[in-house]
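For reference, the structure is listed below as structure tokens.
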Amino acid sequence: MQPTLLSHAKITAFGAYVPEQVLRNDDLERMVDTNHEWIVQRTGIYERRIASDEQFCSDLCFAAVRDLQSRYDAVLDDVDFILVATTTPDTYFPSMSARVQAEFGIASCGAVDIQAACAGFVAALQLANGLLLSGVHRKILVIGAETLSKATDYTDRSTCILFGDGAGAVLVERSEEGAFLGSYVRTTGEEGHHLYRSSLSSSIGGHPIDTTGKIVQNGREVYKWAVTQVPKGVASILEQNGCRAHELDWFVPHSANMRIVESVCEKTGIPVERTLTSMAQYGNTSAASIPLALDLALKDGRIKTGDIMLLYGFGGGLTEAALLLRWTL
Ligand code: ACO
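Numbering (the numbering used here), first residue to last: 61 to 389.
Put into structure tokens, the structure is as follows:
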């Protein structure tokens, strides 16, 4: 392995949260024309968690950070920057990161939300590495949190079977021996109209769009893009860093669809058993899906200190962000 990323970053604490309410495939059978077998065979999803009417993205962020505090005895007073990746904030402003600063009474820090859909959590980790490398910041709280259920059209069977809610949080601190080893980004904005959530405009690059503010996806087009581009990105980041597929302890792709993950594994030579996913339990939770997969594997003891893992976010934009790192907890 020949790491290519300049890094002074390592993860020093981790937390996660999912709402209590469960939406199973048989619940969806009563809502739209679908069935458990189709959903499992096409997506690998069994159930998802749904935020209550009173629970919003900020609440999920707070709960994930409280979990981080209790699991790692983490101190937040000296956090000097907060990055929250989300596409479903309670409000556009104040940002979710500013809400987290206030909730935990962090004295003085920067607070920025970033929006890179399902690539958001990994993109935020890449940005955190840059901020730490600059020498200006020393301790950054990075959160991926979504309440996708609040932006899901539960009459559209092609999307409502996919999405769920959840959040994950990590502390990334300055360390001379950086544990972020390699990085990869790619954007295919020309195809952005295949997956969107509208806001103020009724078109994307000349393509008229639905303006309900619900998530709209051309599943076939996004699927084709994912199974074509993600294997190329995986091969590229591994090759750049002199890492062979079998040397990875864990591949942690965005949990969009198990068929996409299997196809990427087949094309890249990564054994499926070496992947960590969260879609079976939680559905597609966009910016939260990678930390939720880590949470499941930390809880059952699969992840060990020093493991080499490749996090790979991909989705709306269409965006990709990947990070090769050594697990330091
Ligand atoms: N239940 C039963 N049948 C269904 C359902 C359903 N819930 N949804 C669609 N169908 C039908 C379709 O109508 C179609 O029927 P037809 O052939 O008679 O027209 C048939 O099943 C096949 O439909 P496809 O859309 O081709 O189904 P596909 O196998 O592509 O699966 C899915 C759909 C699961 C959405 C898949 O396309 C997918 O996972 N796409 C990529 C998702 C992704 O990676 N997104 C990126 C990240 S998400 C983000 O960024 C927010």
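Each residue gets a CB set at the ideal place from its N, CA and C atoms; glycine is no exception.
In terms of alpha-carbon separation, which member of the options lies closest to residue i?
| i | options | result |
| --- | --- | --- |
| S338 | E326, K327, P313 | P313 |
| R257 | S346, A229, E307, R108 | S346 |
| V172 | D138, N189, G195, L201 | L201 |
| D140 | E281, R198, M61 | R198 |
| C303 | S130, S218, L385 | L385 |
| T328 | R131, S155, C121, H306 | H306 |
| I203 | F311, S243, V100, A229 | A229 |
| A316 | Q161, S155, E380, N301 | E380 |
| R319 | A382, T335, L308, D309 | T335 |
| Q101 | N85, G361, D355, G170 | N85 |
| A73 | A176, L371, L358 | L358 |
| V394 | T365, A177, E233 | Any property of residue 394 remains undetermined from this structure, which presents the chain solely from 61 to 389. |
| L260 | C325, R108, T272, E237 | T272 |
| P268 | R217, P79, H254 | H254 |
| D113 | S194, K210, L371 | K210 |
| T219 | D355, Q277, D367 | Q277 |
| I264 | F240, D87, G377, A76 | G377 |
| A340 | S118, G366, L356 | L356 |
Consult DSSP for residue i and reduce its assignment to one of helix, strand or coil.
| i | result |
| --- | --- |
| D213 | coil |
| T328 | helix |
| W310 | strand |
| V78 | coil |
| Q277 | strand |
| T72 | strand |
| A179 | helix |
| L336 | coil |
| M369 | strand |
| P291 | helix |
| P268 | strand |
| S263 | strand |
| S218 | helix |
| N317 | coil |
| D389 | First, the amino acid is wrong: residue 389 is Leu here, not Asp. L389: coil per DSSP, three-state reduction. |
| K359 | helix |
| S67 | coil |
| I52 | Because the chain is modelled from 61 through 389, residue 52 falls outside the range shown and cannot be assessed. |
| S155 | coil |
Can you check DSSP and say which residues form a bridge with residue i?
| i | result |
| --- | --- |
| E250 | According to DSSP, E250 bridges with nothing at all. |
| G375 | T379 |
| G242 | L384 |
| D225 | T207 |
| Y256 | V276 |
| K199 | E233 |
| N344 | F223 |
| A171 | I142 |
So, is residue i buried or exposed, given that buried needs 16 or more other C-beta atoms within 10 angstroms?
| i | result |
| --- | --- |
| M369 | buried |
| G375 | buried |
| V196 | exposed |
| K284 | exposed |
| D127 | buried |
| N301 | buried |
| Y342 | buried |
| K364 | exposed |
| M91 | exposed |
| P149 | buried |
| E80 | exposed |
| Q62 | exposed |
Against chain B, does residue i count as a neighbour if the rule is that its beta carbon must be under 8 Å from one of theirs?
| i | result |
| --- | --- |
| Q101 | Here there is only one protein chain, and chain B is not present. |
Alpha helix (DSSP H) segments (min. 4 residues) lying fully within the stretch 73–127: 85–89, 96–103
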